[in-house]
Amino acid sequence: MTEPPTWIDMRPMPLPTMPRQVRIAGWWLFAMAAIAFAVGVFVFVNAEGESHAYRAGRLMGDMLAALVGALLALRFARGTGRTRVAAIVCAALTLLSAVRMATEGESVGLVQIAGAIVVATQLTRTPAKEWFDRPAPRRE
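Each number in the working numbering comes from the position in the sequence shown (counting from 1) with 840 added on.
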C-alpha cells in the first residue's frame, strides 16, 4: 500500500522562466509581423491602379513568413523543438525575401533582414535549445 503524499510532495513545482533569448526572438517576430502588416496595409490602401495593387500583394506575399513567425511566437511558452525549428525556418525565409526586397529598393527589407538574423541567432543558442527540449508541461 502506498503512503499518502507528505507536505513536501504537495508543494507546487516552480514554473520555469522563459530564457531571455527566446523572449527576444518572440518580440522580434511580433515586431516584424507588425511592420509587415502595417506596410502591406499602407501600400494596399494607397494603391492606385493595377500595378500598385500587384505590388502590395507581392509585398504581403514576401512578408508572409514574418506573419507565420509571429503565430509561432505565440507557441513559445509551451512549444517544442518543432516550434523552434519552424520559427528558424520562417526567419530564414523572411531573410531570403527581405534580401530580395532590399535589392529592389524596398526599405522595409532592411528591418526584416536585421530581425530575421536576430531571431535565427537567438533561437539557435543553447538556452533556447534547452527551453524547447524541456519535458512537456502538464495540462490541468
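Positions of the beta carbon are idealized from the N, C-alpha and C atoms, including for glycine.
Query	Result
Environment of Leu912 [buried if 16+ CB atoms lie within 10 Å]	buried
Alpha-carbon to alpha-carbon, Ala896 and Val881	8 Å
Identity of the residue in Ala887, Pro975, Ala960 and Thr966 nearest Gly1029 by Cα	Only positions 841 to 980 of the chain appear in this structure, which leaves residue 1029 out of reach.
Same chain, Cβ closer than 7 Å to Val951, five either side skipped, listed in chain order	Ile875
Chain-order list of residues whose beta-carbon lies under 7 Å from that of Lys969 (same chain, five-residue window excluded)	none
Touch test, the segment 884-892 against the segment 938-949, Cβ-Cβ under 8 Å, three pairs minimum	no
Alpha carbon of Leu935 to alpha carbon of Pro856, nearest angstrom	31 Å
Rounded C-alpha distance that separates Gly919 from Ile953	25 Å
For Met872, three-class secondary structure by DSSP	helix
Backbone CA spacing between Pro859 and Pro967 [nearest angstrom]	6 Å
Nearest-angstrom beta carbon gap, Gly909 and Cys930 [assumed within contact, 8 Å]	4 Å
Contact set for Met941: own chain, Cβ-Cβ below 8 Å, skip 5 residues either direction	Leu899, Asp902, Val948, Gly949 and Gln952
Every unbroken alpha helix (DSSP H) inside the segment 886-950 [4 residues or more]	890-902, 904-913 and 921-943
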